[in-house]
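Going by this note's numbering, the residue at position 84 of the sequence shown is 65; the numbering climbs one at a time, nothing skipped. Think of the CB as a built atom: it goes at the ideal place given N, C-alpha and C, for glycine as much as any other residue. Keep in mind the model is a prediction, meaning the values are calculated, not measured. What follows is one structure encoded as structure tokens, with my remarks underneath.
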Amino acid sequence: MTGMVERVARELHRNDGFEALVEWNDLDEDSRQMYVFFAKVAIEAMKEPTTEMEIAGTEQWLCEAAMEDRAGVNYRAMITAALEGE
């Protein structure tokens, strides 16, 4: 497994405080799958953007500076808006 799901799963594990006890590669399969499940739930929760995310995404989409990496800049702006909306 690679990609965003694994990235989020590893971050959940790291931020759980258990990484100091057991590194990701040493986790048993059931524990690893638990983090994968939680990662998928977290990513699923981001599927529908908030109003703040839509505004940030639209602003970045219209920004000329974002033309060379429009999708990446747009995505990062939307995720930043979601995190700052907490």
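Other residues of its chain near residue i: CB distance less than 7 Å, five sequence neighbours each side excluded
i	result
residue 20	-14, -11, -10 and -7
residue 51	42
Supposed close pair residue i, residue j - CB separation, criterion 8 Å
i	j	result
residue 27	residue 58	Actually they do not touch by this definition, with Cβ atoms about 14 Å apart.
residue 31	residue 66	6 Å
Same chain, Cβ closer than 8 Å to residue i, five either side skipped, listed in chain order
i	result
residue 17	-18, -14, -13 and -10
residue 23	-11 and -7
Run of the alpha helix (DSSP H) containing residue i, from where it starts to where it stops
i	result
residue 65	51 to 65
residue 31	It is not in any alpha helix (DSSP H) - residue 31 carries neither H nor E in the DSSP assignment.
Residues of its chain near residue i, where Cβ-Cβ distance is below 6 Å and the 5 sequence neighbours each way are ignored
i	result
residue 55	38, 41 and 42
* the stretch 8 to 19 touching the stretch -17 to -7, judged by at least three CB pairs closer than 8 Å -> yes
* Kindly confirm or deny that the stretch 35 to 45 and the stretch -7 to 2 touch, where touching means at least three C-beta pairs closer than 8 Å. => no
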